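The UniProt record's numbering applies: residue 1 is where the sequence shown begins, and numbers increase by one.
The beta-carbon is built from N, C-alpha and C at its ideal position, and this holds for glycine as well.
This structure is a prediction, so every number in the text was calculated from the model and none was measured.
Below: one structure, written as structure tokens.
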Amino acid sequence: MKPEENKFADVPLRVKTWIYIILVFALGISHPLAMKIFVSWISFQCFFEFLRMFNVNTNKMIPSIFVGVSQFFLLYFLNIENYFLYSLALSIIIILYFSILKSSGKQILGILTALLICLFAFPHLAFIRENISGIYSIIFIVVVTELNDVFQYLMGKFFGKHKIVPKISPNKTLEGFIGGVFLTIILSNILGFFLLNSTILTNTILGFILGTSGFCGDIFMSYLKRKTDVKDTGNLLPGHGGLLDRMDSLIFNAPIFFWILPFLLKM
């Protein structure tokens, strides 16, 4: 079979995994407490995948559990301002712990990146769930972000010819990026009308920003995987790789959405 005839061979497995992802997501956002548990689990799993990706030679489970459990209590007991303050202190403690274990400079840099993503980027999902339009806003940001990934993947498969960042992610194409962002803008307008009660201008801006920054998050993780010589961050999600592979587009999208949406809704 020719390669071009087999380029959609992984789609059925990816779709099957998506069904499980949707079910877990629905359960995770169902209640504010469930959301805190859900985000803490995401951070636990992603921190574990980071340690494995950077080949940190120590017990990976214990510090990962420590990150997840600590984050849950910080999210549960603290407001957003105090959360970031105590997360900074927690990050310093973790960096010191791995420094004492004589981790290399590259590993420390990887752990620092993991902490920024797990303790500072992903928690914005919980802040969005609790502070901006409740459950509707979290549905909007996650659905738009994840379907942007799907749109860019499919547009690239169908129309992709010109590589956009061949040295970092050879499968990314200019056609996939442009087509994905265009479809994301349309989706943003549809969901924004029903979920956010926002204007066409606001929804269009959101669609463009989230489509672009989601692509950047994907490229950022591809760069880290290229530097660490790994294909996937894990095997938790068949057809997708690790949880970090699936969450990469939210690294930038979750914080950006949380901070700009209140301003855009005033337009």
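Put K157 into one of helix, strand or coil per three-state DSSP.
helix
Between the CA atoms of P255 and K231 - distance to the nearest angstrom:
26 Å
Determine whether the beta carbon atoms of A126 and V24 lie at a separation below 9 Å.
no
Own chain, CB closer than 6 Å to G176, minus 5 neighbours either side, in chain order
Q152, M155, G156 and G160
Check whether Q107 and F98 have beta carbons under 9 Å apart:
yes
With DSSP as the reference, please indicate the residues paired to L88 in a beta bridge.
DSSP lists no partner for L88.
Below 8 Å, how does it come out for the stretch 20-35 and the stretch 191-205: are there three or more Cβ pairs, yes or no?
no
Span separating the alpha-carbon of K167 from that of K225
12 Å
Mind checking H31: buried by the 16 CB within 10 Å criterion, or exposed?
exposed
As assigned by DSSP and simplified to three states, the class of G242:
coil
If L213 and N253 are in contact, beta carbons under 8 Å, what's the gap, nearest whole angstrom?
Looking at the sequence provided, one finds Ser at residue 213 rather than Leu. Confirmed, Cβ separation roughly 5 Å.
Drop a sphere of 10 angstroms on the beta-carbon of L206, count the other beta-carbons inside from all chains shown, and report buried for 16 or more, exposed for fewer.
buried
Tell me whether the stretch 49-62 and the stretch 72-79 touch, counting them as touching only if at least three CB pairs, one residue from each stretch, are closer than 8 Å.
no
So what does DSSP say about L119, is it helix, strand or coil?
helix
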